[in-house]
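*Asks:* Dropping the structure in here first, questions after.
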Amino acid sequence: MSSPIGSRAGAVAVAVAVVAVLALVITLIVVLSNSEIAARPRCTITAPPDSPGLPATWTLSPEQADSAATIVGVGRRLGVPDRAVTIALATAIQESTLANLRGGDRDSLGLFQQRPSQGWGSEEEILDPVYATTAFYEALLQVPGWSSMDITVAAQTVQRSGFPEAYADHEPEARLMAVALLGQAPAAMTCVDLSTTPAADPGSGAVAELAASELGTRRLSGAQEPEAGWAIATWLVAHAQRLALESVTFDGRTWTVAAGTWDQTGPADGQLSLRRLGQP
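First residue of the sequence shown? That's 1 in the UniProt record's numbering, and the numbers climb one at a time after it.
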């Protein structure tokens, strides 16, 4: 017959063992979860030094980065002021979280949740991000005094949202995206853990075709002025997953899909180049 003391000691030992096993399981779950998060495809924008009013960093999904690049690229093609680009980005963040939504409130669609019934265009047109962005800029530029308005007033005049005050909430990150994608902050955007095996080959001419529709140029290599070069280079990185890009180089610095960072690879020469995955 066992003693009460021995029984209690055995029970304690079992309890300790169970706690130890549970702690190990919890640790493994946390480690695996953190590893999954760390490996998740994402793009990060880092603010330049001494940038009051801007968040230090902002993280986007590849889809969001792709949409932001389209909004800024179309703005550059149209030659709109930087303020208009910031307003467009803040509006799209609020309306769709920078996703090309196929539905929304009533008949709202796309990046800006524009409505066919309100004269924005057909469903097919509104779901084309280039068309939708162009329509937004054209409407904004027709608003008298838009450039001196608070972002809430300017965006609301165009959008007629039920929550107009929310646009201003997104001004800091919108401005940060604009600074990076307009080329005003060199190498400010990086994208990591992108797929190196794209689901579909976009075709060798897809990069030039997209550049023509969004930027208004097919010239994506050769000498570039610093701001224009960084604008195009950052636009390429933001579209890298869609276009199956392996690397982008500008002014002696190279982003690769493998590393996900901008590294010094040569002298500062003002030259722009790119390489697609699988390119010989």
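Beta carbons are placed, not taken as given, at the ideal position from N, Cα and C, and that holds for glycine.
Under a Cβ-count criterion, where at least 16 other Cβ atoms within 10 Å of its own Cβ denotes burial, should G103 be classed as buried or exposed?
*Replies:* If you number the sequence shown from 1, residue 103 lands on position 103. Taking all protein chains in view, the Cβ of G103 is surrounded by fewer than 16 other Cβ atoms within 10 Å, so the residue is classified as exposed.
*Asks:* Within 6 Å: the Cβ of S195 and any heavy atom of the ligand FMN?
*Replies:* Among the components modelled here there is no ligand, and therefore nothing to report on the ligand FMN.
*Asks:* Helix, strand or coil for D169, going by three-state DSSP, please let me know.
*Replies:* Your numbering for residue 169 matches position 169 in the sequence shown. Note: D169 maps to helix in three-state DSSP.
*Asks:* Mind checking who S273 pairs with in its DSSP beta bridge?
*Replies:* In the sequence shown, residue 273 corresponds to position 273, counting from 1. Beta-bridge pairing links S273 to T249.
*Asks:* Would you call the region 71 to 89 in contact with the region 144 to 157, where contact means no fewer than 3 C-beta pairs closer than 8 Å?
*Replies:* yes
*Asks:* May I ask you to report which of helix, strand or coil DSSP gives V192?
*Replies:* Within the sequence shown, numbered from 1, the residue matching residue 192 stands at position 192. It is a strand residue.
*Asks:* Mark T217 as exposed unless 16 or more other C-beta atoms lie within 10 angstroms of its C-beta, in which case mark it buried.
*Replies:* The sequence position of residue 217 within the sequence shown is 217, counting from 1. With fewer than 16 other Cβ atoms within 10 Å, it is exposed.
*Asks:* Excluding the five sequence neighbours on either side, which residues of its own chain have a C-beta within less than 6 Å of the C-beta of A180, listed in chain order?
*Replies:* For the purposes of this step, residue 180 is taken as residue 180 along the sequence shown, with counting starting at 1. Once the five neighbours on either side are set aside, the close Cβ partners of A180 are I45, A188, M189, T234.
*Asks:* Who are D263's beta bridge partners in DSSP?
*Replies:* Taking the sequence shown and counting its residues from 1, the one referred to as residue 263 is at position 263. DSSP lists T254 as partners of D263.
*Asks:* For a test of the three-state rule: what should DSSP assign to W58, helix, strand or coil?
*Replies:* Looking up residue 58 in the sequence shown gives position 58. Correct three-state label for W58: strand.
*Asks:* To the nearest angstrom, how far is the alpha carbon of A185 from that of A47?
*Replies:* Working through the sequence shown from its first residue, we reach residue 185 at position 185. Working through the sequence shown from its first residue, we reach residue 47 at position 47. The C-alpha of A185 lies about 8 Å from the C-alpha of A47.
*Asks:* Relative to the alpha-carbon of S195, which residue among A135, D50, G278, A211 has its alpha-carbon at the smallest distance?
*Replies:* In the sequence shown, the residue the question calls residue 195 occupies position 195. When only C-alpha atoms are compared, the closest one is G278.
*Asks:* Quick check: the Cα distance between L54 and R275, rounded to an integer number of angstroms?
*Replies:* What you label residue 54 is simply residue 54 of the sequence shown in a count that begins at 1. What you label residue 275 is simply residue 275 of the sequence shown in a count that begins at 1. Approximately 32 Å, taken between the alpha carbons.
*Asks:* Which residues in the same chain have their Cβ closer than 7 Å to the Cβ of S33, if we skip the five residues on either side of it in sequence?
*Replies:* Within the sequence shown, numbered from 1, the residue matching residue 33 stands at position 33. Caution is warranted here: a pLDDT of 45 is assigned to S33, below 50, making its placement in the model unreliable, and no coordinate value can be reported.
*Asks:* Locate the beta strand (DSSP E) running through R115, then write down its first and last residues.
*Replies:* Locating residue 115 in the sequence shown gives position 115, where the first residue counts as 1. Going by DSSP, R115 is part of no beta strand (DSSP E) at all; its letter is neither H nor E.
*Asks:* Helix, strand or coil for R175, going by three-state DSSP, please let me know.
*Replies:* Position 175 of the sequence shown, counted from the start, is the residue given in the question as residue 175. It is helical.
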